[in-house]
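**Q** Under full-length UniProt numbering, the first residue of the sequence shown is numbered 1, with each subsequent residue one higher. Have a look at this one before I ask anything.
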Amino acid sequence: MTNNKVINLQDSFLNQVRKENMPVIIYLVNGFQLRGAVRGFDNFTVIIENDGKQQLVYKHAISTITPFRPIAANMHEKKDEVVKADK
1 MTNNKVINLQ DSFLNQVRKE NMPVIIYLVN GFQLRGAVRG FDNFTVIIEN DGKQQLVYKH
61 AISTITPFRP IAANMHEKKD EVVKADK
């Protein structure tokens with residue numbers, strides 16, 4: 001892309017399910033499943049909420065995140081939300 005900017009697919013995906021309050025299933029590497037809605041995330045963690053309880057999950061423990069319904073194939077959003085400059 002121009003100006004050495006790339007779309008961060010992980011951030012775009014997490015931001016979309018967060019904004020739409022879409023339920024997800026997070027599969028952990030130990031086989032455990034967490035169900036709920038993504039409330040926030042950073043480079044290392046995801047906060048998921050279910051039944052009014054929040055859990056902070058480290059991304060290195062996550063195997064897969066499955067949304068309850070398909071998300072838009074075109075996840076390009078405002079560039080200030082999901083575009084990161086190459087380091």
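All residues carry an ideal CB built from backbone N, CA and C; glycine is no exception.
So, under 8 Å CB-CB, Ile26 and Ile62 are touching, yes? Tell me the CB distance rounded to an integer number of Å.
**A** At roughly 6 Å, the Cβ-Cβ gap stays under 8 Å, so Ile26 and Ile62 are in contact.
**Q** Phe13 to Lys53, Cα distance in whole Å?
**A** Their backbone Cα atoms lie some 22 Å apart in a straight line.
**Q** Are the CB atoms of Phe46 and Val57 nearer to each other than 8 Å?
**A** Phe is not the amino acid found at residue 46; the sequence shown has Val there. The answer is yes: Cβ separation under 8 Å.
**Q** Measuring alpha carbon to alpha carbon, tell me which residue in Gln33, Thr66 and Arg69 is nearest residue 94.
**A** The structure shown does not extend to residue 94, since the chain is modelled only from 1 to 87, so the question has no answer here.
**Q** Just to confirm the assignment, what range does the beta strand (DSSP E) spanning Lys53 have?
**A** Looking at the DSSP string, the run of the beta strand (DSSP E) that includes Lys53 is Lys53 to Tyr58.
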